[in-house]
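Notes follow once the structure below has been shown.
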Amino acid sequence: MTSKSNIPLLEVDEVKITIIMDNTVDLLMASTEVASRFSSYSKDVLPIAEHGFSALIQVKSGDKQGTVLLDTGMTANGVLHNMTALGIDLSDLQAIVISHGHCDHTLGLPNLIEKLGTQQCSLVLHPDAYLERKIVIPDGQELSISPPQITALRKENISFVENTGPTLLADNMILVSGEIARSTEFEKGFPIHYSNRNGKWENDPYIKDDQCIIMNVRGQGLVVITGCCHSGIINTIRHAQTLTNCQQVYAILGGLHLTGGIFEEIIPATITELKKINPTYLMPGHCTGWSAIHQIAQTMPQAFIPNSVGTTVVFKANKKD
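All residue numbers for the sequence shown refer to our numbering, where the first residue is 22 and numbers rise by one.
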């Protein structure tokens, strides 16, 4: 584990992020200054959407390059299907990072590892990502959101990296946050969430295995990518700032978990704090929810980027004098 007070995260020249899986796909969505969209013309295989998340992250710093996958979607073959549709080659993949152990981020993992064959790759996850999980609705109905049997995926070429704290990847160009400190008054976790520990179901609102990916683009600031952000996006950003000793936030992408009756009431407080943080770009997706996405778009129009499966965003460093 790397010390929180002295993490040697390198500034990078470029970050390229491709959304492989998300809740929506729009093949006619227009590109923006930093976001290019999937072109559907003359394609035999088209990308699909599902209630899940997966993003390919590529970084460059000088002659160094790194490629990491964050999460693997909700179904066994959805992410692999979209990789084919998007023309994604996994030969340079160095690591798979699991943001947390819920089914909508992990169920594509077994087939993905099988697809890698004998290719060397690290699997980075918090120890709690192995746990059996469920949601208990107030009326008593239970919904399983457990991951696959991750321990059954152990192979000689897959290096398991199990950390509760931060982990550096790709020659110190990519930082996995580890457990995220909870500091806000309004981001209180998921009260109807349960985990099975040692054969006993326990209320687990904080979902401590929730973690994000952080990069620092030279002269621009931090790029923070979340899976579901069960820690809360403001807690997550503050934790990223603390880990890196960098206050400037360049871009925020991923699920912000602001959908549903439990979380919609904290949308105003979340947006108030996001405006104070003032990221240059903000591309919410997955579990952010219709209401939160539209309120973010209305209140932060200059930063907002609409999300869609197949979107690729590129963030570049300031040009050197």
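Using N, Cα and C, we set each Cβ at its ideal position, and we do this for glycine too.
Residue i in three-state terms, based on DSSP
{"i": "HIS307", "result": "helix"}
{"i": "TYR151", "result": "helix"}
{"i": "CYS124", "result": "helix"}
{"i": "VAL118", "result": "strand"}
{"i": "GLU54", "result": "coil"}
{"i": "ALA76", "result": "strand"}
{"i": "VAL214", "result": "Inspection of the sequence shows that residue 214 is occupied by His rather than by Val. DSSP places HIS214 in strand when its eight states are reduced to three."}
{"i": "THR96", "result": "coil"}
Separation of residue j from residue i, as counted between CA atoms
{"i": "VAL182", "j": "PRO68", "result": "31 angstroms"}
{"i": "LEU128", "j": "LEU152", "result": "14 angstroms"}
{"i": "LEU101", "j": "PRO131", "result": "11 angstroms"}
{"i": "GLY186", "j": "ASP110", "result": "30 angstroms"}
{"i": "GLY161", "j": "PHE284", "result": "20 angstroms"}
{"i": "ASP47", "j": "SER329", "result": "6 angstroms"}
{"i": "PRO159", "j": "HIS147", "result": "29 angstroms"}
{"i": "VAL244", "j": "VAL238", "result": "7 angstroms"}
{"i": "ASN217", "j": "THR93", "result": "22 angstroms"}
{"i": "GLY276", "j": "ALA313", "result": "11 angstroms"}
{"i": "ASP192", "j": "SER252", "result": "27 angstroms"}
Residue closest to residue i, alpha-carbon to alpha-carbon, out of the options
{"i": "PHE211", "options": "PRO322, VAL33 and LYS155", "result": "LYS155"}
{"i": "SER120", "options": "ALA318, GLU32 and ALA150", "result": "ALA150"}
{"i": "GLY281", "options": "MET304, LEU303, ASN256 and CYS308", "result": "CYS308"}
{"i": "LEU133", "options": "SER165, PRO169, PRO148 and GLY161", "result": "PRO169"}
{"i": "VAL335", "options": "VAL33, LYS37, GLU32 and LYS136", "result": "LYS37"}
{"i": "PRO300", "options": "PRO159, VAL270 and ALA70", "result": "VAL270"}
{"i": "GLN323", "options": "ARG58, HIS260, MET304 and VAL197", "result": "MET304"}
{"i": "MET236", "options": "ALA272, MET50, SER312 and LEU49", "result": "ALA272"}
{"i": "SER57", "options": "ALA191, ASP230, THR39 and VAL66", "result": "THR39"}
{"i": "ASP43", "options": "LEU30, GLY87 and MET95", "result": "MET95"}
{"i": "GLY199", "options": "CYS250, VAL33 and GLY276", "result": "CYS250"}
{"i": "ARG175", "options": "GLU163, ILE234, LEU144 and ALA202", "result": "LEU144"}
Endpoints, alpha helix (DSSP H) assigned at residue i
{"i": "LYS132", "result": "One point to set straight first is that residue 132 is Asn, not Lys, in the sequence displayed. Residues 130-137."}
{"i": "LEU295", "result": "288-298"}
{"i": "VAL46", "result": "Here VAL46 belongs to no alpha helix (DSSP H), and DSSP marks it neither H nor E."}
{"i": "ILE283", "result": "282-285"}
Residue span of the beta strand (DSSP E) that contains residue i, given as start and end
{"i": "ASN256", "result": "First-last for ASN256: 254-265, but that is the alpha helix (DSSP H), not the beta strand (DSSP E)."}
{"i": "LEU91", "result": "85-91"}
{"i": "HIS102", "result": "No beta strand (DSSP E) holds HIS102; the alpha helix (DSSP H) holding it covers 99-107."}
{"i": "LYS337", "result": "333-337"}
{"i": "MET236", "result": "234-238"}
Residue i and residue j closer than 8 angstroms at C-beta
{"i": "LYS85", "j": "MET194", "result": "yes"}
{"i": "GLN141", "j": "VAL197", "result": "no"}
{"i": "ILE255", "j": "GLU286", "result": "no"}
{"i": "THR247", "j": "THR257", "result": "yes"}
{"i": "GLY99", "j": "GLU71", "result": "yes"}
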